[in-house]
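Visitor: Just so we're aligned, residue 239 is where the sequence shown starts under the working numbering, counting upward by one.
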Amino acid sequence: MSRRYWIGVACREHVARGVAGGFAQLCHGKAAPLARMAAGDGLVYYSPQDALGSPRRCQAFTAIGSVGAGAPYRVSMDAHFRPWRRDVAFVAAQAAPIRPLLTQLAFITDPARWGYPLRFGQLQISAADFYLIAAAMQAALPATLPPAPAYPLFDESPAP
239 MSRRYWIGVA
249 CREHVARGVA
259 GGFAQLCHGK
269 AAPLARMAAG
279 DGLVYYSPQD
289 ALGSPRRCQA
299 FTAIGSVGAG
309 APYRVSMDAH
319 FRPWRRDVAF
329 VAAQAAPIRP
339 LLTQLAFITD
349 PARWGYPLRF
359 GQLQISAADF
369 YLIAAAMQAA
379 LPATLPPAPA
389 YPLFDESPAP
C-alpha cells in the first residue's frame with residue numbers, strides 16, 4: 239500500500255499533549271479516523287484554536303510526524319471517557335500559520351471558505367501539500383518519509 243498523508247484537527251493544547259505522549263487522538267477519541275491511517279503515513283495537525291472552547295484563535299499547523307506501527311488502542315482518561323489513540327513519531331517543527339498557504343494548498347479549493355475541508359477533523363491530503371506544510375513548519379522529517387514527489391498525487395505514482 240502506498241504512503242498517505244493526513245491532516246488531523248485539534249486544539250493546540252490537545253495537540254501538545256499528544257506530542258508529549260507520542261500519540262494521535264482524532265475526532266474526540268473515535269477509532270475510525272485512526273484506523274484509516276497506516277504505519278509510515280504522514281500526519282500534520284491543524285489547530286483552529288488554542289484550547290477547546292477558547293475564543294482565542296490559533297489557525298496554524300502545530301505538529302507533524304509519521305504514524306507508528308501497531309493498531310489504534312484505547313486508554314482510560316476517567317470512568318466515562320476512553321478515547322482511542324495511535325502512536326506517532328512527532329518531529330521538531332515550528333507552528334506555521336495557515337493563512338499564508340491558502341492559495342498554495344491543493345485541498346483548499348476556495349480560499350474564501352478555506353476552513354470547510356477541515357470541518358470533519360481528519361482529511362487526506364496530497365504528498366505535495368504535506369511537504370509544503372512541512373517546509374512552512376521547518377520540520378526535520380525523518381528518513382522514513384520520502385522526499386516530496388514532483389507531482390501532487392495521493393498514490394504517488396505518475397498518471398498513465
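Even glycine gets a Cβ: it sits at the ideal position worked out from N, Cα and C.
Keep in mind it's a predicted model, so treat the numbers as computed, not measured.
1) Closest by CA to Asp325, which one among Asp348, Arg294, Gly260, Ala317?
2) For a quick check, are the C-beta atoms of Val329 and Leu281 less than 8 angstroms apart?
3) Based on DSSP bridge pairs, tell me the residues matched to Trp244.
4) Looking at the unbroken alpha helix (DSSP H) that takes in Val253, where does it start and where does it end?
5) State the DSSP-derived secondary structure class of Pro338, mapped to helix, strand or coil.
6) What would DSSP say about Pro355, mapped onto helix, strand or coil?
7) Out of curiosity, what's the CA-to-CA distance linking Thr341 and Leu361?
8) With a 10 Å radius around its C-beta and 16 neighbouring C-beta atoms as the bar for buried, classify Tyr283 as buried or exposed.
9) Between Ala334 and Ile371, how many whole angstroms is the CB-CB distance? I'm expecting something under 8 angstroms.
10) For the 8 angstroms Cβ check, are there 3 or more pairs between the stretch 250-268 and the stretch 300-316?
Guide: Put simply:
1) Residue mapping note: residue 325 aligns to position 87 of the sequence shown, counting from 1. The residue with the shortest Cα to Cα distance from Asp325 is Gly260.
2) Your numbering for residue 329 matches position 91 in the sequence shown. Your numbering for residue 281 matches position 43 in the sequence shown. No, they are not a contact pair.
3) The sequence position of residue 244 within the sequence shown is 6, counting from 1. Bridge partners of Trp244: Leu281, Gln362.
4) As a working note, residue 253 is residue 15 in the sequence shown. 250-259 is the span of the alpha helix (DSSP H), which, as asked, contains Val253.
5) Numbered from 1 along the sequence shown, position 100 holds the residue referred to as residue 338. Correct three-state label for Pro338: helix.
6) Position 117 of the sequence shown holds residue 355. Three-state result, Pro355: helix.
7) Counted from its first residue, the sequence shown places residue 341 at position 103. Counted from its first residue, the sequence shown places residue 361 at position 123. When rounded, the distance between both Cα atoms is 18 angstroms.
8) Here residue 283 refers to the residue found at position 45 when the sequence shown is read from its first residue. Under this definition Tyr283 is a buried residue.
9) Position 96 of the sequence shown holds residue 334. Position 133 of the sequence shown holds residue 371. So it is a contact: roughly 7 angstroms between Cβ atoms.
10) Enough Cβ pairs lie closer than 8 angstroms, so yes.
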